[in-house]
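I have placed the structure first, in the form of structure tokens, so that the comments after it can refer back to it.
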Amino acid sequence: MASEDISTVRNQYEDPKGLSDAIIAIQELLKVIENSKAGTIARLRDEIKTATEELIAAKTSTVSVSSGSELFLRFITLTSLEQTNFEECKKLLLERGNIYLQKTFKSRDRIAEIGAPFIRDGTTILTHSRSRVVLRLLQEASNSGKRITVFITTSTIDGTGVIMQKFLEETGIASKVILDSAAGFIMEKVDLVMVGAEGVAESGGVINKIGTYQLAVMAKALNKPFYVIAESFKFVRMYPLNQDDLPNVEKYTSVDSGINDHPVIDYTPPRYITLLLTDLGVLTPSAVSDELIKLYM
Amino acid sequence: MSDPSKKDQPSKDPHQGSQGSKDVTSSPQKPTSQSKQPHSKQVGGASGKGPPSQSTGTSSGISAKLSKEEKKKQKAERRSQKKVETGKTGQSGATPGGDSGQRKEGGREKGGVSEQMKSQAKVIRQIREKSLSQSEDGKKVQLFSHLHQYERTQSLTKSLGVTSDLPPVIVRLAIMYSSGVICGSNSRCLAMLGAFKKVILDYSTPPQKELSRDLQVTIKPYINFLTTSRPLSVSMGNAIKWLKLTITNVPLGTPENEAKEKLCTDIDEYIHEKIILADEAISAAVRRGIIKNGDVILIYAHSSIVTKCLIDAHEEGIQFKVIIVDSRPKMEGHHSLKKLVNAGIPCSYIFINAVSYIMKEVSKVIVGAHAVLANGYVMSRVGTSLIALVANSYNVPVLVCCETYKFSEKVQTDAFVTNELGDPNDLVPINRRHGNILSGWKDLTSLGVLNLTYDVTSSDLVAMVITEVGNIPCTSVPVVLRLTQMNN
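As structure tokens, this is what we get:
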């Protein structure tokens, strides 16, 4: 992939109103297949693999990109390709790829639909960092006439919480940014906690921006429901047992922000999660493994 | 056939008669038969008979015991004479339930099998009657009175005459089970399948019979006999279910040699796929992601799959230490210790009472399983749930290695409903200092000795189950069961 492509991709990742990282990655992969000059499936697969690695390197935290790419690859190569002609094969792959892409576009809408009953009129919500899915869900709730209040943690390192608050303001939702360390203080005032996810692990736990684990533990201590909003392409075949099991390449960033030694993601074990709202439906953490088996079969 | 039995034990009449006789229909009335039936229903895993009598069994079992006590006292003298005559044989009370349950099946099977069944049944009845005569000596703890207690005081084979048509390979297997020579879920299953292969090879279809029907019928009493030595493990039960299914599926009209060869190949394939390859896959998964450099792994007693994983990981070059936890009376940890030390792995050895002391040094706990139940609970050697509890309180993840053929459709939340009671006399020798302080336990009415074999660990204490189909959370066991059923 050309370097201009990489930089456009990086900008797209950063666009907060834009598409999910994994979807951007999938679009790029489709382009790779289209423009590929490979003559065999094996060659094509290698090209896709290298492209995936480049895409992963273009972003600081890569769990959703790698999971999305892997699921995409599985989806397009799922049934056997009986065509002997390689061009026919490629066409079929592209077709399937576009179908998959269309499905994923609709995933956020579907989640907004499913998650609507969880937010009632007068609910106070605590969220963490900036998640486009959560933003969409909250906007949907507000547009349907519900009055909600949202607290957002600053999530230092990149200050994405502040950006989230700006978007919420634009929609007209009453929102306030709080310090990461004030999460325990504010917990008694909120009705529920809602976070997005970078990746959903096989155990039912989630991998998300650093600070999510703390929120989850505090929510459990105060008996507040903890909901994770994630699209199904974020389901990843990882089974971490503790924080240490997260791959280092995804934990630590080499982007020069001067804070190289601090992890950017953490793992929240399934016992702190009440429910996962996904485009496959509302799942308990133990159902994630079931869905993963279905997705990967 | 009923006459000779009555001659032998004329005193056995009302209570024993229902269990002993071929009078299949009389059992519902008899409380003693009900009290034993729960055990038989659970034990005959392969036969898959539901336990409708189970709930009634326990309550009536207690009252039945009382009345049985009285009547036994009356007949004790007469019986003691018989004891001297015939010598004590058979496992104490090993078969009462097993036989009455299986008997019904025998009784329902009509036609030519009855001869074979009759003689087999007679032998088993004799064993049971003799052993019943001293089952009163076997003191059972009240809470576990619905379970049968296996005591090794009697010889299995004394009652088997020259005319017994149990193949010697089966008798040998039963003796190896009861004496503990073969111990461990996988070894027992492998030994059993090996023995059945020999049985199949030696088998010849009687004239006018179909192999697919008759072979099943032939095998049933062998399974019953194996149960008298030790209850079937879940792995053995699943293997027997599969074997019966395979035998039934032998196409009609296949020439005998071909059918027998095909069955043997099928058994070999089953062993290869479900046990050997599965173990390889589990070991690979453990090497790949679970054991890391610098880990301190805690294991309990002996599990063939866990020791295999550790040895393979060590050979791959991963640096880790192992702490082996052991417990009385089986002391299976010695076996693990030998294997691991010979492989060159740095090991420590502690007793189970020191587990909470050592747990803060441990990074992971890896245990094997006897079975994983449909609700995600893990049934394993007694002591495992204790270790899981301590591990959880120190935030140490507990991992269970289990092949999928050990997954059971049963649901159990505690270790009381079904379990295996071992010989309480095994707990009597304590150590040199205290000598035989327990040796007079049978005479003390206020003292009971309980030797449990299995316990059940709750699914929220287990972080992950490592199987050949992948690493799954405990709660996903029914998913795997469902998928394997779909594939069948």
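Those protein sequences? They're chains A and B, same order as listed.
The first sequence lines up with residues 1 to 297 when you count with my numbering.
The second sequence lines up with residues 1 to 488 when you count with my numbering.
Yeah, the Cβ is synthetic: ideal placement off N, Cα and C, and Gly gets one too.
- Task: Indicate the three-state DSSP secondary structure (helix, strand or coil) for D426/B in the structure shown.
- Result: DSSP places D426/B within a helical segment (H, G or I) once states are collapsed to three.
- Query: Do we get a CB-CB distance below 8 Å when we pair L241/A with the residues of chain B?
  - Reply: Closer than 8 Å to some Cβ of chain B, the Cβ of L241/A qualifies, so yes.
- Task: Whole angstroms is fine: what's the gap from Q102/B's alpha carbon to N224/B's?
- Result: Summary for Q102/B: the model assigns pLDDT 42, below 50, so the residue's position carries little reliability, and this model does not support an answer.
- Query: Do you know how far the Cα of A216/A is from the Cα of K224/A?
  - Reply: For K224/A and A216/A, the distance between alpha carbons rounds to 9 Å.
- Item | 8 Å Cβ cut-off: residues of chain B touching S286/A | Under the 8 Å cutoff, chain B gives P473, T475 and S476.
- Query: Skipping 5 residues on each side, what residues in its chain have a beta carbon closer than 7 Å to that of D266/B?
  - Reply: In its chain, beyond the 5 residues on either side, T246 have a beta carbon closer than 7 Å to the beta carbon of D266/B.
- Task: Would you mind reading off the limits of the alpha helix (DSSP H) that contains Y177/B?
- Result: Where Y177/B is concerned, the enclosing alpha helix (DSSP H) stretches over P168 to S179.
- Three-way DSSP call (helix, strand, coil) for M331/B in this model: The DSSP-derived three-state label of M331/B is coil.
- Task: Tell me whether T40/A is buried or exposed, calling it buried when 16 or more other Cβ atoms sit within 10 Å of its Cβ.
- Result: Exposed is the call here.
- Item | Interface flag, G204/A vs chain C, CB-CB below 8 Å | Here chain C cannot be found, since the structure's protein chains are A and B.
- Query: What runs of the beta strand (DSSP E), each 3 residues or longer, lie entirely inside the stretch 203-228 of chain A?
  - Reply: If we require 3 residues or more, the beta strand (DSSP E) runs fully inside the stretch 203-228 of chain A come out as 206-209.
- Residues of the stretch 393-420 of chain B with a CB closer than 7 Å to any CB of chain A: list them in chain order, please. Contact residues of the stretch 393-420 of chain B toward chain A are P397 (C-beta to C-beta distance below 7 Å).
- Message: Less than 7 Å between C-beta atoms, sequence neighbours within five positions excluded: which residues of the same chain meet that for M218/A?
- Response: The answer, listed in chain order, is A183, G184 and M187.
- Under 7 Å (Cβ pairs) to chain A, residues found in the stretch 359-371 of chain B: Residues of the stretch 359-371 of chain B with a C-beta atom less than 7 Å from some C-beta of chain A do not occur.
- Query: At a Cβ threshold of 8 Å, is A462/B touching chain A?
  - Reply: The amino acid at residue 462/B is misidentified as Ala; the sequence shows Val. Answer no: the Cβ-Cβ gap between V462/B and chain A never drops below 8 Å.
- Note the first and the last residue of the continuous alpha helix (DSSP H) segment covering H314/B. Taken as a continuous stretch (DSSP letters only), the alpha helix (DSSP H) holding H314/B covers S304 to E316.
- Going along chain B, which residues have a C-beta under 9 Å from I293/A? V469, G470, I472, S476, V479, V480 and L483, listed in chain order.
- Item | Helix, strand or coil at S380/B according to DSSP, with G and I counted as helix | Looking at S380/B - three-state DSSP - the assignment turns out to be strand.
- Item | Backbone CA spacing between W441/B and H334/B [nearest angstrom] | For W441/B and H334/B, the distance between alpha carbons rounds to 28 Å.
- Item | Cα-Cα separation between S185/B and V372/B, rounded to whole angstroms | So the two alpha carbons sit approximately 12 Å from each other.
- Does the distance from the CB of L421/B to the CB of Q208/B come in under 8 Å? Between L421/B and Q208/B, the C-beta gap is not smaller than 8 Å, which leaves the two residues out of contact.
- Task: Report all residues from its chain with a CB closer than 8 Å to the CB of M331/B; omit the five preceding and five following residues, and keep chain order.
- Result: There are no such residues.
- Residues near A495/B in its chain [Cβ-Cβ closer than 6 Å; skip 5 each side]: Nothing can be reported for residue 495/B, as the shown portion of chain B is limited to 1 through 488.
- Item | DSSP-derived helix/strand/coil call for T153/A | Residue state, collapsed to three classes: strand.
- What residues from chain B crowd round S289/A, counting only those whose CB sits closer than 8 Å? I472, P473, T475, S476 and V479, listed in chain order.
- Item | Contiguous alpha helix (DSSP H) assignments of at least 4 residues, all confined to the stretch 24-95 of chain A | Whole alpha helix (DSSP H) segments, 4+ residues: 41-57 and 63-76.
- I324/B - DSSP class collapsed to helix/strand/coil: I324/B falls in the strand class under three-state DSSP.
- Query: So, is M194/A buried or exposed, given that buried needs 16 or more other C-beta atoms within 10 angstroms?
  - Reply: Around the CB of M194/A, 16 or more other CB atoms lie within 10 Å, so the residue is classed as buried.
- For L298/B: DSSP bridge partner residues: For L298/B, DSSP records a beta bridge to I323/B and V365/B.
- Which residues in the same chain have their Cβ closer than 7 Å to the Cβ of V141/B, if we skip the five residues on either side of it in sequence? Taken in chain order, the residues that qualify are G448 and L450.
- Message: Quick check on Y454/B: does DSSP put it in helix, strand or coil?
- Response: Of the three classes helix, strand and coil, the one that applies to Y454/B here is strand, per DSSP.
- Query: Run through DSSP, which three-state label would L179/A get?
  - Reply: DSSP places L179/A in coil when its eight states are reduced to three.
- Item | Closest by C-alpha distance to E210/B, when choosing among S233/B, E256/B, N238/B and K220/B | Of the candidates S233/B, E256/B, N238/B and K220/B, the one whose C-alpha sits nearest the C-alpha of E210/B is E256/B.
- By Cβ distance below 7 Å, which residues in the same chain neighbour C347/B in space, the five residues on each side in sequence not counted? Only residues of its own chain outside the window of five on either side were considered, and among them V322, I324, L337, L340 and V341 have a CB closer than 7 Å to the CB of C347/B, listed in chain order.
- Query: Are the beta-carbon atoms belonging to F151/A and L126/A less than 8 Å from one another?
  - Reply: Yes. Within cutoff.
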